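So the protein sequences, as listed, match chains Z and U. Under this note's numbering, think of the first position of the first sequence as 1, with each following residue one higher. Under this note's numbering, think of the first position of the second sequence as 151, with each following residue one higher. A short write-up of the structure that comes next.
Protein chains: 2
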Amino acid sequence: MDKLSKQKRLDLFEKTCRSHGLPVTIQRRVILETVLDLDNHPTADQVFVEASKRIPDISRTTVYRTLDTLTRISVITKACHPGSSVRYDTRIDVHHHLVCQSCDDVIDISDDRLDRIPIPDTSSLGFEVNDFSVQLRGICSRCKQKEDQS
Amino acid sequence: MDKLSKQKRLDLFEKTCRSHGLPVTIQRRVILETVLDLDNHPTADQVFVEASKRIPDISRTTVYRTLDTLTRISVITKACHPGSSVRYDTRIDVHHHLVCQSCDDVIDISDDRLDRIPIPDTSSLGFEVNDFSVQLRGICSRCKQKEDQS
DNA sequence: TACCGGTTGCAATAACATGTCAACCGCTTC
DNA sequence: GAAGCGGTTGACATGTTATTGCAACCGGTA
């Protein structure tokens, strides 16, 4: 993520907080910066470890709560993945995922044709679609190498 | 899931175990039956609770390990979703998901047009695609009602 | 029927997540 | 720029989900 885009994201975050009546605290700003700096769908705990370097006394609880808050106001999202802990996704544009069925790793990809797939009508189910993403499941290169070795 | 299909799945499971050199134990069979009976992407713990009714002395550890084994030999799969615990998916045909961003619930859907989307070439990344699925993210009917009330 | 190697159950522990409450700080008002 | 309000934070306790090591056990084979 480049500098400019990061600054824009921080500005947008402040605006979004105000429009929701939420105070812009140092913790919230630093946690968002941290998530933006960490790539590859970090867990709450990975964010906590990194944020602790920037605010040594920050509480784990605050990190969990803040990530939840940022998700609720759509500044970030939770990533869909097969693992056993929540992972956060900083990207807010349409993109897609390669999901490794061996190590549960999730890799972002972009693909024009996938961006244009037809979205079915789900109104009869009462489901309101905001967003979509395609998951391609298989084996990543690292795991394939491991298999070949054994 | 109808009876016939369930019996076929159990037969297939035994065959798959043998081809992997894995013994077919009572626990494995009952845990698979339990998962097939439970709909809606159960967690390991939900499987444990249900399996305990059928084998009272079964250990939680065994349920976790068996679900992992069944996943490894592709008898079931892990569902991709935004929540904080592993969920299992019993369906092995191509299908898609509605993911509620409020309650993290995952609803299966079928859609012919989504079944025919173009799969991008990922060979340059060394990623081998086995399977795919489209996730439509938004708000489910239950959560939408709750929002309206408040 | 007896043996072998993988599987199971138990207990302990690790990893991940949430609830409570007093002290604190961002924001608004004056 | 000082004071006060209300939401936020940090510490601690607790709850939930998942993993590990090891002895007893059982499915598969001869």
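For every residue, glycine included, the Cβ atom is placed at its ideal position computed from N, Cα and C. Just so you know, these numbers come straight off a predicted model, no measurement behind them.
ask   = Considering Thr227(U), what are the terminal residues of the beta strand (DSSP E) in which it resides?
value = 227-229
key: Any 3 or more C-beta pairs closer than 8 Å across the region 123-134 of chain Z and the region 286-294 of chain U   = yes
Option nearest Thr221(U) by Cα separation, candidates Pro268(U), Leu182(U), Lys158(U) = Leu182(U)
key: DSSP state of Leu337(U) mapped onto helix, strand, coil   = Residue 337(U) lies beyond the range of chain U shown here (151 to 300); nothing can be said about it.
query = Whose Cβ in chain Z lies nearer than 8 Å to the Cβ of Glu297(U)?
reply = By Cβ distance, chain Z contributes nothing, its closest Cβ being about 10 Å from Glu297(U), past 8 Å.
request  = Using the Cα positions of Cys167(U) and Gln157(U), report the straight-line distance between them to the nearest angstrom.
outcome  = 15 Å
query = Going by alpha carbons, who is nearest to Leu217(U) out of Ala194(U), Ser169(U), Cys250(U), Leu160(U)?
reply = Ala194(U)
ask   = Quick one: is Cys250(U) buried, meaning 16 or more other Cβ sit within 10 Å of its Cβ, or exposed?
value = buried
task = Would you decide whether Lys228(U) is buried or exposed? Buried here means 16 or more other CB atoms lie within 10 Å of its CB.
result = buried
Per-residue burial, His81(Z) [other beta carbons within 10 Å of its own, 16 or more giving buried] = buried
request  = Find the residues of chain U that neighbour Ile92(Z), judging by a C-beta separation of less than 8 Å, and give them in chain order.
outcome  = Ordered by position in chain U, no residue passes the 8 Å Cβ test against Ile92(Z), which lies about 12 Å from the chain.
inquiry  = Whether or not the region 202-217 of chain U and the region 268-276 of chain U are in contact is what I'm after, with contact meaning three or more pairs of Cβ atoms, one per stretch, closer than 8 Å; do they touch?
reply    = no
message = Short of 8 Å in beta carbon distance, which residues of its chain neighbour Thr184(U), apart from the five on each side in sequence? Order them along the chain.
response = Val197, Glu200, Ala201, Arg204
message = Looking at the strands, I want to know which residues DSSP matches up with Thr43(Z).
response = Arg87(Z)
inquiry  = DSSP three-state label for Phe127(Z), please.
reply    = coil
task = Work out the CA separation of Ser260(U) and Val86(Z) for me, nearest whole Å.
result = 26 Å
task = Show which residues of chain U have a CB atom less than 9 Å away from the CB atom of Ile117(Z).
result = Arg263, Leu264, Ile267, Pro268, Val284
Integer Cβ distance of Ile226(U) from Tyr238(U), believed to fall under 8 Å = 5 Å
Assigned exposure category for Arg28(Z) - 16 Cβ within 10 Å defines buried = buried
request  = Can you have a look at His41(Z) and say buried or exposed, based on whether 16 or more other CB atoms are within 10 angstroms of its CB?
outcome  = buried
message = For a contact defined as C-beta to C-beta under 9 Å, what are the partners of Cys290(U) on chain Z?
response = Leu125, Gly126, Phe127, Glu128
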